[in-house]
Amino acid sequence: MGDQPTKIRILVAEDDLANQRVAELFLTRLGFEVVIAQNGEEAVRLAQKAPCALIIMDCQMPVMDGFEATRRIRASGIEVPIIAMTANFGVRDRERCLEVGMNDFVSKPVDFRLLTEALEKWIHRGC
1062 MGDQPTKIRI LVAEDDLANQ RVAELFLTRL GFEVVIAQNG EEAVRLAQKA PCALIIMDCQ
1122 MPVMDGFEAT RRIRASGIEV PIIAMTANFG VRDRERCLEV GMNDFVSKPV DFRLLTEALE
1182 KWIHRGC
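Numbering (our numbering), first residue to last: 1062 to 1188.
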């Protein structure tokens, strides 16, 4: 007890299986514990059930999109950083991400250098 560092948990909300696997592999290689949500509804449930340090949220998912999921997560009082992953990366899309409570965004296909920078910006390992 005490000697084993606790892994930082990241919730990845992504409906595409290939994107899930790539994100999980990338994040586990960086030393994170990864929890996968298949859609926005599941992301809300998991965010409330299993606290995490950060959420990576696909914007376009079935059942509930990432925008509505973020609104609900924020409405429940959860303030962890949420990074949007979106193929739509115009000015209006960025504004919409920020309006619903997302903190940052990376475009798809994901540039892992930029994702790493976003992780470093938003995760505080000392917390």
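Note that CB positions come from ideal geometry on N, CA and C, so glycine has one too.
{"Item": "Roughly how far, in whole angstroms, is the beta-carbon of Ala1084 from the beta-carbon of Val1096, given that I think they are within contact range, below 8 Å?", "Value": "Actually they do not touch by this definition, with Cβ atoms about 11 Å apart."}
{"Item": "Taking 6 Å as the limit between beta carbons, can you name the residues of its chain near Met1142, skipping five residues before and five after?", "Value": "In the sequence under discussion, the amino acid at residue 1142 is Pro, which differs from the Met named in the question. For Pro1142, where only same-chain residues beyond five positions count, the Cβ hits under 6 Å are Leu1115, Asn1164, Trp1183."}
{"Item": "What's the call for Gln1065, buried or exposed, on a 16-neighbour Cβ count within 10 Å?", "Value": "Any reading at Gln1065 is ruled out, since the residue's pLDDT is 47, under 50, leaving its predicted position unreliable."}
{"Item": "Nearest to Asp1172 by alpha carbon, out of Arg1157, Ala1148, Glu1102?", "Value": "Ala1148"}
{"Item": "Taking Val1105 as the reference, give the member of Phe1093, Asp1126, Glu1094, Arg1090 with the closest Cα.", "Value": "Asp1126"}
{"Item": "Beta-carbon separation of Cys1120 and Asp1154 under 9 Å?", "Value": "yes"}
{"Item": "Assuming Leu1176 contacts Val1167 under a Cβ cut-off of 8 Å, what Cβ separation, rounded to an integer in Å, is found between them?", "Value": "5 Å"}
{"Item": "Can you give me the start and stop residues for the beta strand (DSSP E) that Ile1139 sits inside?", "Value": "No beta strand (DSSP E) holds Ile1139; DSSP gives it neither H nor E."}
{"Item": "Between the Cα of Gln1109 and those of Phe1128, Phe1093, Ile1139, Ala1145, spot the shortest distance and give me the residue it belongs to.", "Value": "Ile1139"}
{"Item": "How should Gly1092 be labelled, buried or exposed, when 16 other C-beta atoms within 10 angstroms of its C-beta is the threshold for buried?", "Value": "exposed"}
{"Item": "Sort Pro1170, Leu1180, Glu1181, Arg1132 by Cα distance to Arg1157 and report the nearest one.", "Value": "Arg1132"}
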